[in-house]
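*Asks:* Numbering (my numbering), first residue to last: 27 to 95. Note that the Cβ used here is the ideal one computed from N, Cα and C, for glycine as well. Below is one structure. I have some questions about it.
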Amino acid sequence: MTTKQQTTQEPPIDLPVGFDAWLLDCSPAPGCEVCAANWKQLNAYKKAGDITKAARHATEIRDHASGVH
């Protein structure tokens, strides 16, 4: 018995308007080099259209700003 493997990817999902803004909502702590580095990366990935990587940096900023500072 042979199984057929899927060879194509599912079509991308369009998120609701404003979802990216909510996902990327964060504020770096003033004077923090870690937050500043993540902020720079977040904006670079956002500009490049890679919301997944931008969201990772937004999460790091939120976690760092609320936990360390």
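The alpha helix (DSSP H) that contains Glu59, what's its start and end?
*Replies:* 59–74 is the span of the alpha helix (DSSP H), which, as asked, contains Glu59.
*Asks:* Are the beta-carbon atoms of Asn64 and Pro54 separated by less than 8 Å?
*Replies:* yes
*Asks:* Could you pull out every residue in the same chain whose Cβ sits closer than 6 Å to the Cβ of Ala84, ignoring the five residues on either side in sequence?
*Replies:* Leu50, Cys52, Leu68
*Asks:* Looking at Cys61: is its Cβ nearer than 8 Å to the Cβ of Ala91?
*Replies:* yes
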